[in-house]
Structures are given as structure tokens and as C-alpha cells.
Amino acid sequence: MTAPAFAPETEERLALARQVADAVLFEGYVLYPYRASAAKNRLRWQFGVLVPPAWGAECEEHDFQHTECLMEPRAEASLAIEVRFLHARRRTVQRALPDGGFETVPELHLDDRVLVPWDEGAEERVELVAPVGQLTGEGIEFPFRKPAVGDTEPVLDATGRTVGRLVRRSAEVTGVVRLSASELDGPYRVLRLTAVVENTTPWTPPEGHAADRDAALPHSLVATHLLMALSNGSFLSMTDPPEWARGAVAACRNLHTWPVLAGEPGRADLVLSSPIILEDHPAIAPESLGALYDATEIDEILALRTAALTDAEKREARGTDARAAAVIDLADSMPAEVLERLHGAVRGLREITGEPDGFPDEFGVTRPDTPWWDPASDAGFDPEQDRVMVDGRPVGRGSRVELRPGLRHTDAQDLFLQGRTATVEAVLHDVDGAVHLAVTVDGDPGADIRREQGRYLYFQPDEVVVPEDPR
Numbered sequence: 062m063t064a065p066a067f068a069p070e071t072e073e074r075l076a077l078a079r080q081v082a083d084a085v086l087f088e089g090y091v092l093y094p095y096r097a098s099a100a101k102n103r104l105r106w107q108f109g110v111l112v113p114p115a116w117g118a119e120c121e122e123h124d125f126q127h128t129e130c131l132m133e134p135r136a137e138a139s140l141a142i143e144v145r146f147l148h149a150r151r152r153t154v155q156r157a158l159p160d161g162g163f164e165t166v167p168e169l170h171l172d173d174r175v176l177v178p179w180d181e182g183a184e185e186r187v188e189l190v191a192p193v194g195q196l197t198g199e200g201i202e203f204p205f206r207k208p209a210v211g212d213t214e215p216v217l218d219a220t221g222r223t224v225g226r227l228v229r230r231s232a233e234v235t236g237v238v239r240l241s242a243s244e245l246d247g248p249y250r251v252l253r254l255t256a257v258v259e260n261t262t263p264w265t266p267p268e269g270h271a272a273d274r275d276a277a278l279p280h281s282l283v284a285t286h287l288l289m290a291l292s293n294g295s296f297l298s299m300t301d302p303p304e305w306a307r308g309a310v311a312a313c314r315n316l317h318t319w320p321v322l323a324g325e326p327g328r329a330d331l332v333l334s335s336p337i338i339l340e341d342h343p344a345i346a347p348e349s350l351g352a353l354y355d356a357t358e359i360d361e362i363l364a365l366r367t368a369a370l371t372d373a374e375k376r377e378a379r380g381t382d383a384r385a386a387a388v389i390d391l392a393d394s395m396p397a398e399v400l401e402r403l404h405g406a407v408r409g410l411r412e413i414t415g416e417p418d419g420f421p422d423e424f425g426v427t428r429p430d431t432p433w434w435d436p437a438s439d440a441g442f443d444p445e446q447d448r449v450m451v452d453g454r455p456v457g458r459g460s461r462v463e464l465r466p467g468l469r470h471t472d473a474q475d476l477f478l479q480g481r482t483a484t485v486e487a488v489l490h491d492v493d494g495a496v497h498l499a500v501t502v503d504g505d506p507g508a509d510i511r512r513e514q515g516r517y518l519y520f521q522p523d524e525v526v527v528p529e530d531p532r
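Next up, the structure:
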């Protein structure tokens with residue numbers, strides 16, 4: 062096993078996959094409104110954080126990732142591995158004193174920004190190449206170490222005068238990559254590849270700070286993920302495997318990460334194992350102009366909201382992090398025609414052949430001979446008077462029910478509604494014949510407003526029960 066620079070062909074394949082891997086690496090790095098003072102930016106880094114073992118024993122976070130996937134290597138194949146993560150650098154702000162010294166301050170005001178303490182993320186990589194033949198049996202281990210570093214950066218005002226400095230410090234982190242492979246029984250030569258990334262940093266929480274996650278972050282591997290490339294051969298999709306491999310794929314064990322095919326569509330020689338679940342061959346939308354670090358948002362909405370921040374908010378965002386400053390500049394400089402491209406895109410069209418089933422209307426739009434839904438059928442329903450049976454009792458407008466959501470696991474908010482009582486506002490029937498209860502939650506201070514606006518929560522009858530005392 063070696064740890065040289067990758068071959069040019071491997072580097073070219075990985076470069077394409079890194080576009081998506083970078084989005085994983087910096088997901089949630091700094092969230093809208095991009096200010097360090099925002100509540101959502103005070104609890105940093107939620108994905109792929111591998112903490113020191115001593116801290117993992119104190120909390121529910123993990124010190125390792127375990128990836129398993131299937132591959133079909135050909136003769137003399139080698140496996141290239143790239144472990145990627147962020148290394149937290151703690152930044153403090155100091156103000157220049159008249160005597161030439163410096164003092165640490167909570168903020169430093171400049172004309173264009175407000176500098177504040179912040180944890181920056183430095184990108185780290187661990188690269189190694191191993192012949193597939195060496196992975197069978199006990200496999201191989203590759204320990205790595207990233208040393209502690211520190212630096213200072215002078216802060217100058219508009220006239221070029223030194224008014225302060227930024228002091229950055231990072232702690233040493235150590236880890237290990239473990240690789241092994243085992244051949245599966247069957248007519249094809251298929252290997253189950255196991256790749257484990259573990260934080261082995263010998264750091265222990267300071268006395269009296271056992272629950273301080275902030276103290277553990279500088280010693281953690283943040284947003285950890287793997288890129289794995291075969292020089293000769295292919296991986297099997299873990300989400301859409303061939304029928305003969307479904308049992309073997311189901312037996313793979315993936316902990317705190319999930320592997321998908323990556324790189325150029327149509328190829329299967331590259332895998333991204335990510336702490337964020339992705340589809341095979343994920344890609345960055347071509348309309349996207351740059352990273353916004355918040356994939357739960359729509360680019361168009363996020364760009365508009367960012368451009369609408371006040372000047373004071375933008376000054377603080379620019380002083381929070383260079384990446385946040387780039388987002389502010391991007392939103393402020395985005396031309397209207399570029400913003401318009403974010404409004405929507407058609408990814409593909411399909412040709413429809415054969416005679417149309419129906420007739421064109423006055424606008425040339427083909428209408429079917431038989432409507433898929435008959436509006437006259439609505440006449441038999443009355444949301445305010447209809448009743449539905451729940452636990453053998455009729456339930457309708459005004460009935461009180463106890464919410465028991467979660468049967469379909471479609472909404473994370475169900476966790477907060479479990480066991481709450483609610484009042485039924487209407488019984489609704491959809492065009493497929495399903496019945497839905499529109500409810501307002503008891504004790505919701507906004508219930509009257511929601512009722513006036515017709516904004517309800519909706520549950521099916523098997524997601525509620527009638528309480529013993531329905532009053």
C-alpha cells in the first residue's frame with residue numbers, strides 16, 4: 062500500500078466527483094443569514110462528525126464510519142481512497158493597543174465588516190492506493206496524523222493601518238483507515254469491500270467539561286466522507302443493484318454513512334460514501350452559481366433573502382467567514398437574467414407517439430374523452446357535516462381526537478405531535494377515495510388564525526384515536 066499522488070486518470074475521475082463531495086464537505090458550514098450571532102450558527106457541524114473516542118463515550122456521537130459495498134474488480138485492479146474532512150481552526154479576534162500589543166476582544170468593527178470569534182474549517186485529505194489483492198484476509202491499515210498549526214493575520218483598516226489581528230489555532234488529530242475485502246459465494250467474482258474511518262485522537266475532556274461539544278470539535282474529523290475509485294472494474298449500485306445481487310447488498314452494513322455511485326453518469330468505477338444520503342450519480346445543478354452551504358433551501362429563495370439583508374447584517378456576515386462573505390457578494394452581484402434561471406428548469410423531455418386519446422380544445426390542448434375526475438362527484442360530500450368511524454365512534458367537525466402519527470414516516474414533525482389532542486375541523490375526501498381529517502392542535506396559540514386561513518394539519522383516520530373522555 063502506498064500514499065502517493067493519484068495517477069492522472071484517477072485524479073481526473075475524482076475531480077468530477079469532488080464537485081458533489083465539496084457540497085457534502087461544506088453542508089451546513091454557515092447557514093443563512095450567515096452571521097455568527099444567528100442561533101442556527103451557534104451549534105455547528107451536524108453531518109459526518111467523528112469525535113475523539115473519549116468524547117464519544119460521553120455522548121451519542123460516533124468516532125468512526127463503517128462503509129460496505131460490493132465491487133467486481135478485474136485483473137490487477139487497484140483501489141484509490143480519498144478520505145476528506147474539515148479540521149476546525151479556532152479563530153480569536155484581537156485589537157491593537159497603543160503600546161504595540163494586542164488584546165482579545167469579542168468583536169472588531171471595520172468599515173466593511175465586523176470581525177468576531179469563529180471556528181473556520183480547513184479542508185484535509187488522506188490519500189492512499191492499494192492493490193485489491195492486498196485487501197483480502199485481514200486487510201490493511203493506514204494511520205494518519207494532521208498536526209496542530211497556528212498562525213496570525215494582521216487586520217488593516219481602509220488606510221492600511223494595523224488595527225488588530227486574527228489568531229488561528231488548530232489541534233492535532235489522528236485517525237486510521239482500515240480496508241478489507243471478502244469474496245462472496247456465487248457464479249460471479251464479487252467482493253464485499255469494507256472501509257472504516259476512525260478518529261483515534263487521544264484527547265480527553267477537561268475536568269468538569271464532559272458535556273462540552275464545543276471543546277471536542279477541534280479534535281474531531283468534521284463532515285467526513287470517502288471517495289473510492291477502482292482502476293479496473295466496477296462497483297454495484299447499493300440503491301438499484303441487479304436482481305442477483307439484492308441479497309448481498311441487503312447484507313452490507315453501513316454505519317453513519319451511505320455509499321452511492323459517483324462521477325460521470327453511465328460509469329460505475331467510483332463511489333462516494335457520504336454521511337448525507339444521496340442518489341446514484343448525484344450532480345450539482347448547472348444553474349447553481351456557487352455554494353450557499355444550505356442544501357435544505359431553494360437557491361432562488363435563498364439568494365433573494367440574502368440580497369435583502371440589511372447593511373449591518375451583511376457587515377457581520379462578511380466578518381464571520383470568508384465563505385459567508387462570498388455568499389453575500391454573490392447575492393449582491395447576481396444579474397436578473399441569472400437569477401431568473403434559478404426559477405426552474407426542464408431536465409428532460411420524452412416523445413409521445415400514437416394517436417391522442419381525446420380531442421383538442423379551442424387552445425389546441427388535447428382533452429381526454431373521459432375526465433380523470435368528475436366534478437359532479439363532489440356534490441355528495443360536505444366537509445363540515447361528514448363523519449368517519451374511528452375506534453367504532455363517529456368523528457366529524459368539532460370532535461376531539463388524540464394524534465398518533467408516524468405510521469407512514471412522512472414528516473419529521475410527527476415526533477412533536479405524538480400524543481397531542483386536537484379538534485377536527487373538517488372531514489375531507491380526495492379524488493382517490495381516501496379520507497383525511499383536518500385538525501387544529503389543542504393549545505396552539507395560532508389555532509384561531511389557522512382556522513380563519515384554512516391552514517390545518519391533516520391525518521388519516523388510522524393516525525388518530527378517540528380519547529376516553531372526548532370532551
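Residue numbering for the sequence shown follows the numbering used here, starting at 62 and increasing by one per position. Glycine included, C-beta positions come from ideal geometry on N, C-alpha and C. Given the structure is predicted, the values throughout are model-derived calculations rather than measurements.
Cβ-based neighbour list, residue i, same chain, cut-off 8 Å, excluding 5 preceding and 5 following
i, result
"Glu-48", "Because the chain is modelled from 62 through 532, residue 48 falls outside the range shown and cannot be assessed."
"Phe-424", "Because Phe-424 carries a pLDDT of 49, less than 50, the predicted location of this residue cannot be relied on, and the following value inherits that uncertainty. Counting only Cβ-Cβ distances below 8 Å, and skipping sequence neighbours, we find nothing."
"Val-407", "none"
"Thr-235", "Pro-204, Phe-205, Arg-206, Lys-207, Asn-260, Thr-261, Thr-262 and Pro-263"
"Asp-505", "Arg-511"
"Val-496", "Val-449, Val-488, Leu-489, His-490, Gln-521 and Pro-522"
"Pro-466", "Asp-472, Asp-475, Leu-478, Gln-479, Phe-520 and Glu-524"
"Gly-198", "Ser-241"
"Asp-503", "Arg-461, Arg-481, Thr-482, Ala-483 and Thr-484"
"Gly-200", "Arg-239, Leu-240, Ser-241, Ala-242 and Thr-255"
Cβ-Cβ separation, residue j to residue i (assumed contact under 8 Å), whole Å
i, j, result
"Leu-288", "Glu-88", "Their Cβ separation, rounded to whole angstroms, is 16 Å, which puts Leu-288 and Glu-88 out of contact at 8 Å."
"Arg-145", "His-286", "6 Å"
"Arg-9", "Glu-133", "Because the chain in this structure spans residues 62 to 532, residue 9 falls outside the shown range and cannot be described."
"Arg-384", "Tyr-90", "6 Å"
"Ala-183", "Leu-147", "7 Å"
"Leu-27", "Asp-218", "The first residue shown for the chain is 62 and the last is 532, placing residue 27 beyond what the model contains."
CB contact flag (residue i, residue j, <7 Å)
i, j, result
"Phe-540", "Ala-242", "This structure cannot speak to residue 540, because the chain is shown only from 62 to 532."
"Leu-476", "Leu-464", "no"
"Tyr-95", "Val-388", "yes"
"Arg-253", "Leu-169", "no"
"Phe-67", "Val-257", "no"
"Glu-541", "Val-187", "Any answer about residue 541 is impossible in this case: the structure gives the chain only from 62 up to 532."
"Leu-363", "Leu-370", "no"
"Leu-322", "Gly-351", "no"
"Pro-455", "Leu-489", "no"
"Thr-482", "Pro-320", "no"
"Gly-294", "Ala-138", "yes"
"Trp-179", "Thr-367", "no"
"Thr-265", "Ala-115", "yes"
"Leu-468", "Ala-82", "no"
"Arg-105", "Arg-230", "no"
"Val-237", "Glu-202", "yes"
"Asp-273", "Tyr-93", "no"
"Glu-185", "Ala-209", "no"
Residues near residue i in its chain [Cβ-Cβ closer than 6 Å; skip 5 each side]
i, result
"Thr-71", "Ala-141 and Ala-290"
"Thr-165", "Thr-153 and Gln-155"
"Ile-337", "Val-85 and Phe-108"
"Val-216", "Val-224, Gly-225 and Arg-226"
"Val-386", "The displayed chain sequence assigns Ala, not Val, to residue 386. So the list reads Arg-379, once near-sequence residues are dropped."
"Leu-403", "Glu-348, Asp-360 and Glu-361"
"Glu-181", "Arg-150 and Arg-152"
"Leu-316", "His-127"
"Ser-298", "Leu-322 and Asp-341"
"Thr-213", "Arg-226 and Val-228"
"Phe-442", "His-490"
Neighbourhood of residue i by C-beta distance below 7 Å, restricted to the same chain and skipping five residues each side
i, result
"Ala-311", "none"
"Ala-157", "Phe-163, Thr-223, Val-224 and Gly-225"
"Val-527", "Val-451, Asp-452, Arg-454, Val-456 and Val-462"
Assess, as a yes-or-no matter, whether the segment 271-281 is touched by the segment 101-113 under the definition of 3 or more beta carbon pairs within less than 8 Å. yes
Do the segment 190-203 and the segment 388-398 meet, that is, are 3 or more Cβ pairs less than 8 Å apart? no
Counting only runs of 3+ residues fully inside the segment 243-283, write out the beta strand (DSSP E) ranges in chain order. 252-260
Could you name each continuous alpha helix (DSSP H) segment of 4 residues or more that falls completely within the segment 105-148, going from the start of the chain to the end? 114-117
Where are the alpha helix (DSSP H) runs, 4 residues long or more, that stay fully inside the segment 305-374, in chain order? 307-311 and 360-368
Please confirm if the segment 75-84 is in contact with the segment 219-228, defined as three or more CB-CB distances below 8 Å between the two stretches. no
Can you check the segment 447-515 for any alpha helix (DSSP H) of at least 4 residues that lies completely inside it and give the ranges in chain order? 475-478 and 508-514
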